[in-house]
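Asks: Let me give you the structure first, and then I'll get to my questions.
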Amino acid sequence: MQADGFREQGLRSQLVAELVKKGITDQGVLAAIGKIPRHFFIDSAFLDFAYADKAFPIGAGQTISQPFTVAFQTQLLAIKKFDKVLEIGTGSGYQTAVLLEMGAKVYTIERQRELYQKVQQMLPLMGYHPNFFYGDGFEGKPTYGPFDKILVTAGAPSIPEKLLLQLKIGGVMVIPVGEVHQRMFRIVRTSESDFTKEDFGDFMFVPMLEGVNRS
Ligand code: SAH
């Protein structure tokens, strides 16, 4: 594992300051981002990129989400300690680490086998222990639900009904919806059959795809 010294901590403090400027106020989110060595999640040759507020390639044609996007989605979820959270799109595992750092119990699904295998080795070495699943996030994890929160980190073509039904009453889902660009929606399940939907603007994600990729 790489080093995490004063230089990295300094870069992280700058990133946190930048996120505050961009409107992130959730202290739990900011503390998690201030603590987690994001450079462990990307290739070691790119230290400066690790703490720029930018998305970055992580292999298998996927990206680690931009820190602002991670912070914004997590803030919309209003994560509390012991929340049971379903995450779709484990990717690098950075967002997973943020949720765990905030005290959530995390169930995370990835459809790319290569990423699923890599993250399963790496996160536990850093002390993070989500429940990892290889599969299609459109299906969710009904046997482990219902969930307090559901977080989708890939651009969905529409809001998957199966995921809505895995929310507790009072539960919250944050999901980017759209083909090329996405609108960020926060959905709250207000009763067995009722949901509210709010729009939080334009974002860009890699697409949420059906099925699994075994390569
Ligand atoms: N949260 C990640 C973001 C990774 S990008 C991070 O912080 O690094 C989105 C991820 O969603 C990709 O790894 C992609 O393979 C995965 N993905 C796309 N469609 C999916 C699906 N149907 N089920 C599970 N994962 C999916």
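Numbering (our numbering), first residue to last: 719 to 933.
Note that the Cβ used here is the ideal one computed from N, Cα and C, for glycine as well.
(1) Between the alpha carbons of T781 and L748, how many angstroms are there, rounded?
(2) Rounded to the nearest angstrom, how far is the Cβ of I827 from that of K859, given a contact under 8 Å?
(3) Check the DSSP bridge columns for T780 and list the partner residues they point to.
(4) In chain order, what residues of the same chain lie with their CB nearer than 6 Å to the CB of T792, ignoring the 5 residues before and after it?
(5) Identify every run of the alpha helix (DSSP H) within the segment 803-854, keeping only runs that are complete inside it and at least 4 residues long; order them along the chain.
(6) Start and end of the alpha helix (DSSP H) containing I866?
(7) Between the segment 749-766 and the segment 880-889, do at least 3 Cβ pairs fall closer than 8 Å?
(8) Excluding the 5 residues flanking F913 on each side, which residues of the same chain have their C-beta closer than 6 Å to its C-beta?
(9) Enumerated in chain order, which unbroken segments of the beta strand (DSSP E) with a length of 3 residues or greater are wholly contained in the segment 864-929?
Replies: According to the structure data:
(1) Here residue 781 refers to the residue found at position 63 when the sequence shown is read from its first residue. Here residue 748 refers to the residue found at position 30 when the sequence shown is read from its first residue. Taking the straight line from one Cα to the other gives about 21 Å.
(2) Working through the sequence shown from its first residue, we reach residue 827 at position 109. Working through the sequence shown from its first residue, we reach residue 859 at position 141. Contact flag correct, Cβ pair sits at about 7 Å.
(3) For the purposes of this step, residue 780 is taken as the residue at position 62 of the sequence shown. First, the residue type needs correcting, since residue 780 is Gln and not Thr in the sequence shown. BP columns for Q780 point to G777.
(4) On the sequence shown, residue 792 is found 74 positions in, with the first residue counted as 1. Around T792: V747 and V816.
(5) Runs of the alpha helix (DSSP H) inside the segment 803-854: 812-819 and 831-843.
(6) Taking the sequence shown and counting its residues from 1, the one referred to as residue 866 is at position 148. The identity of residue 866 in the sequence shown is Asp, whereas the question assumes Ile. Counting along the chain, D866 falls outside any alpha helix (DSSP H), though it belongs to the beta strand (DSSP E) covering F865 to V870.
(7) Because the criterion of three Cβ pairs below 8 Å is not met, the segment 749-766 and the segment 880-889 do not touch.
(8) Residue 913 sits at position 195 when you count from the first residue of the sequence shown. Annotation for F913: I905 and R907 place their beta carbon closer than 6 Å to its own, counting only its chain and skipping 5 residues before and after.
(9) Here the runs fully enclosed are 865-870, 885-895, 900-907 and 913-921.
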